[in-house]
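Heads up, the thing below is written out as C-alpha cells.
Okay, structure coming up:
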C-alpha cells in the first residue's frame with residue numbers, strides 16, 4: 001500500500017561513505033546546537049566521533065551522521081532536526097521521549113506567534129488535500145496502533161492505569177454527558193473520524209446523528225460500521241465539508257477538527273453553529289490548543305499535519321463563540337490525558353514497526369515515531385493543551401444546574 | 001447613619017402639583033419608550049391617566065408621574081429609568097423582576113462595547129474611592145439581607161431549594177476543592193470582603209491565608225471575626241491594594257474583585273499573580289462576566305458600582321493569564337446561581353425595608369431594590385455570566401487528573 005504521502009516521506013539518505021573528519025567549523029556548529037538546549041543533559045556526537053555536551057550519564061546521545069544534516073539542523077532546527085531524524089542522518093540513543101522532554105523544558109515556552117505571520121486559510125479544496133494527506137494513508141495503518149474503535153483523538157482515563165480501549169469509551173461517555181444528550185435528539189458531528197463517537201451517541205443515548213467528514217476512507221469505514229452495528233437508521237455519515245452542514249440540531253459536537261479549520265475560517269464555523277443549533281441547543285468543541293498563540297512546529301506541519309493550527313481559548317472564543325453571542329458554560333483542560341493517550345499509541349506503534357516498515361518504509365516509521373513522541377512531550381510539558389469547551393446560547397436556561405445534576 | 005453616598009442618592013422628588021394634562025408630544029414620547037421594548041406586555045400610564053401598551057393583563061403597569069422624568073427617560077433610558085424609579089417619579093405596579101425580565105428579553109443582547117469607549121483606569125486612589133462608595137456604607141446595612149457569614153458574592157446552591165446560608169458554605173467549599181488546598185499551604189486572597197472565605201479556608205483546610213481588602217469597614221469586621229473564631233494565627237487581614245501583594249503562595253484566589261479592577265490594570269493583576277504564585281501554585285478567579293464586551297449599565301455605574309466592569313473571558317485570558325503563560329485548567333459558568341442568590345438577597349432586603357428607610361431614605365430603598373432586581377434579571381436572561389476560572393503555570397504537572405480525583 002503506497003501513497004503520495006509515502007513517497008514524500010522517503011527522503012534519500014545521505015551517503016556516509018565520503019565523509020571527512022569533522023572540522024573546527026563543524027565543532028562550532030554542533031556547539032551552537034548544544035548551547036541552544038544547554039540545560040538538557042545530552043551528548044552530541046559527530047560522524048567521526050567528535051563529542052560535546054554532558055559526558056557523564058547523558059539522558060541521550062544524539063549522533064549527527066553527516067555534514068548536511070548538521071548545517072541544516074543549525075539553520076532551522078525546528079524543521080530540520082525532524083527531517084534529519086526521519087532520514088536516519090540524525091540518530092538518538094536513549095529514550096526519545098525523555099530526550100525531547102529535556103529539550104522542551106530547556107527551551108521554555110514556545111515563542112508567541114509573530115504578528116506578521118500569515119493566517120493561511122483552508123479552503124474546502126485545501127482542507128480536502130490536508131485531510132487526505134493525513135487521514136487517508138490507510139485504515140490498515142491506523143488499525144495497527146489505535147484502539148479497536150479507531151478513535152484518533154485524546155482519550156479520557158478515569159484513572160491513569162485504565163486501558164486505552166476503556167479510556168476511549170470514557171471519553172465518548174464524558175462528551176455525551178457534557179452534552180446532556182436525550183433520546184430522540186438530533187446531533188450534528190463535524191469531523192467524525194472513523195465514526196465511533198457518532199455510533200456511540202446513537203447506540204448509548206438514542207440520538208440521531210448526522211456526521212460530517214471529508215476523508216473518503218474514514219467515511220467508507222464509518223458507513224460499514226453503521227451497517228454492521230445496525231445503526232444506519234440513526235446515523236448518517238456524510239462526505240462533505242463542515243461548511244455545508246444544514247438543518248437544525250439539539251447538539252453540535254466537534255472532536256479534533258478545529259485544529260484543521262484555520263483561523264480565517266473560525267467565523268464561518270461560528271456561523272454554521274449559529275445556523276444549525278436550536279434555541280436550547282448545546283455545543284462542544286474538543287481541540288488541541290495553546291496558552292499563547294504560536295505556530296505548530298514546522299516539521300509537524302510539513303510532514304504530518306499540513307494546514308493544522310492549535311488555537312488559544314482567546315482565538316476560539318473571540319472568533320467562533322463571541323460573534324454569535326454564545327455563552328461558555330464549561331471548559332476542561334485534559335492535556336495530561338493526551339500525553340497518556342500518545343504513550344499508548346506510541347507503544348502500540350513501536351510494537352508494529354515491522355509491519356509499518358513493510359507498508360511504507362523506515363523513514364516513515366522514524367517520522368511517525370518522532371511525531372508521536374514529540375506530541376506526548378508537548379502535552380507533558382504544557383506546550384500544548386487539550387480543551388473541551390461546552391457552550392450554549394446566551395438566552396437559554398435549559399442548562400445544567402450543577403456539573404453533577406441530572 | 002448617614003453617609004456621602006446617602007446624600008448622593010437623595011434626589012429631590014419632582015413636584016406633582018403643577019402638572020398639566022399630557023400633550024401630543026408627551027404621547028409621542030411615551031410611545032417611543034413603549035416601542036423600544038415593544039414585545040414586552042407592559043402598560044405605560046402618564047400623570048394624567050393617558051395610557052398605551054398592552055391593555056389586557058399586562059405583566060406590569062409603569063406610571064410616569066411627571067414630564068421631566070418622561071423626557072429624561074426618553075433621552076437616556078439606561079441611565080434615567082433608574083433615576084426616575086429611584087426618586088419615585090417612575091413607578092411600577094406589578095412584579096419588578098418579571099417586568100425587567102420582559103424588558104431585557106425584548107431588547108435582546110447588550111450592544112457590544114464601542115471600540116472608542118475609554119477604558120477608565122482604577123488607580124489605587126480611585127479604587128479606594130469606588131470601594132468606599134459601595135462597601136463602606138455600613139456593615140449594619142449588609143447584615144440585614146446577606147447571609148449570616150456576610151458573603152456578598154454569588155453562592156452555589158447544591159440544589160435550587162438549598163438555603164442561602166448552606167449555598168454560601170457550598171460556594172466556599174467548591175472554591176477550596178477547585179484550589180485543591182492542602183494543610184499548611186499559603187493562600188493569598190485578593191479582595192476578601194468581610195473575610196468569611198479566608199476564615200473558612202483556614203478553619204476547614206488548615207491553610208494560612210493572607211487576605212487583602214481596601215475597604216476599612218470590611219477589614220475591621222474581618223479582623224474581629226478572626227479574633228472571635230480564634231484564627232488570628234492563621235489569617236492575616238491586610239488593609240491594602242491587591243497591587244501590593246508580596247511574598248509567595250501556593251494558591252491565589254479572588255472572588256468578586258475583578259469586576260472592580262478595570263481593564264487597564266488587568267496586566268498588573270496578572271503580574272502580581274505571576275510574582276506570588278509558586279511553581280506548582282493554583283489560582284482561581286471568580287467574577288461577573290459577559291459573553292461580549294459591553295459596558296455596565298450606566299445607572300448601576302452611577303448609583304451603585306462606580307468603576308465596575310464585567311469582563312469577557314477573552315479579556316481576562318488575553319490580558320491577565322496569557323502574558324504570564326498561565327494555563328486555563330477549568331472554567332465553570334454558574335450564572336443561574338447568581339440569579340438565585342439575588343432572589344434570596346432581594347427577598348431579605350424587601351422584608352427589611354422599614355429598617356433600611358430609617359437608616360437611609362426611601363430613594364435608597366428604591367435604588368437598591370431596582371439594583372437587586374435588575375441584577376437578578378441580568379443573570380436569568382444571560383446578559384451577565386458568573387465565571388469561575390482555575391489556572392496554573394503551564395509547566396506544572398501538579399494538576400488534578402480528573403475533576404473528581406483526590
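Residue numbers (the working numbering), protein chains in the order written: chain D, 1 to 406; chain H, 1 to 406. Beta carbons: idealized from backbone N, C-alpha and C, even for Gly. Just so it is clear, the structure is predicted and the values come from calculations on it, not from any experiment.
- One finds nothing in chain H with a Cβ atom closer than 8 Å to the Cβ of residue 42 (chain D); even the nearest lies about 19 Å away.
- If you check each beta-carbon in the segment 304 to 328 of chain D against every beta-carbon of chain H, the ones closer than 8 Å belong to 312, 313, 314, 317, 318, 321, 322, 325, 326, 327 and 328.
- Look at residue 347 (chain D) here: in three-state DSSP terms it is helix.
- Within the segment 332 to 355 of chain D, the residues whose Cβ lies closer than 7 Å to some Cβ of chain H are 332, 333 and 336, listed in chain order.
- Apart from the 5 residues on each side of it in sequence, residue 331 (chain H) sits with its Cβ closer than 8 Å to the Cβ of 313, 387, 388, 389 and 390 in its chain, given in chain order.
- The beta carbons of residue 319 (chain H) and residue 270 (chain H) sit closer together than 8 Å.
- For residue 405 (chain D), no alpha helix (DSSP H) run applies, since DSSP gives it neither H nor E.
- Taking a contact to require three or more Cβ pairs closer than 8 Å, the segment 258 to 268 of chain D and the segment 41 to 56 of chain D do not qualify as touching.
- With a threshold of 16 other beta carbon atoms within 10 Å, residue 75 (chain H) falls short and is exposed.
- DSSP places residue 63 (chain H) in the strand class (E or B) of the three-state scheme.
- DSSP lists D:239 as the beta-bridge partner residues of residue 213 (chain D).
- Using a Cβ-Cβ cut-off of 8 Å, residue 291 (chain D) is close to 321, 322, 325, 326, 327, 328 and 394 of chain H, given in chain order.
- Think of a sphere of 7 Å around the beta carbon of residue 385 (chain D): the chain H residues whose beta carbon falls inside it are 327, in chain order.
- Contact of residue 402 (chain D) with chain H is assigned, a C-beta pair being separated by under 8 Å.
- Per the coordinates, the alpha-carbon of residue 20 (chain D) lies some 16 Å from the alpha-carbon of residue 30 (chain D).
- Relative to the Cα of residue 61 (chain D), the nearest Cα in the group D:68, D:67 and D:47 belongs to D:47.
- Residue state for residue 296 (chain H) is assigned as coil, using DSSP reduced to three classes.
- Interface residue (Cβ-Cβ distance to chain D less than 8 Å): residue 381 (chain H) is classified as such.
- For residue 26 (chain H), the CB contacts under 7 Å within the same chain, skipping 5 residues up- and downstream, are 46, 67 and 70 in chain order.
- Between residue 206 (chain H) and residue 184 (chain H), the CB-CB gap stays under 8 Å.
- The Cβ of residue 397 (chain H) sits closer than 8 Å to at least one Cβ of chain D.
- Not a single CB atom of chain D sits nearer than 8 Å to the CB of residue 39 (chain H).
- For the pair of segments examined, the segment 280 to 300 of chain H was found to touch the segment 249 to 262 of chain H: the number of CB pairs separated by less than 8 Å reaches three.
- In chain order, 305, 308, 309 and 310 place their CB closer than 8 Å to the CB of residue 296 (chain H), counting only its own chain and leaving out the 5 sequence neighbours on each side.
- Spatial neighbours of residue 22 (chain H) in its own chain (CB-CB distance under 6 Å, excluding positions within 5 residues in sequence) are listed in chain order as 46, 48 and 50.
- When D:193, D:223 and D:274 are compared, the shortest CA-CA separation from residue 236 (chain D) is found for D:223.
- Residue 161 (chain H) carries a coil assignment under DSSP once its states are collapsed to helix, strand and coil.
- Among the residues of the segment 140 to 162 of chain H, those with a Cβ less than 9 Å away from any Cβ of chain D are 156, 157, 158, 159 and 160, in the order of the chain.
- Beta-bridge annotation (DSSP): residue 92 (chain D) is paired with D:62.
- In the structure shown, residue 252 (chain D) adopts extended strand secondary structure according to DSSP, grouped into three states.
- For the pair of segments examined, the segment 127 to 134 of chain H was found not to touch the segment 142 to 149 of chain H: the number of CB pairs separated by less than 8 Å stays below three.
- About 6 Å separates the CB atoms of residue 226 (chain H) and residue 199 (chain H); that is less than 8 Å, so the two are in contact.
- For the 8 Å CB-CB criterion, residue 346 (chain H) and residue 384 (chain H) do not form a contact.
- Here the alpha carbons of residue 125 (chain D) and residue 210 (chain D) stand approximately 22 Å from one another.
- Taking the Cα positions, residue 138 (chain H) is about 46 Å away from residue 177 (chain D).
- Between residue 382 (chain D) and residue 36 (chain H), the C-beta spacing is not below 8 Å.
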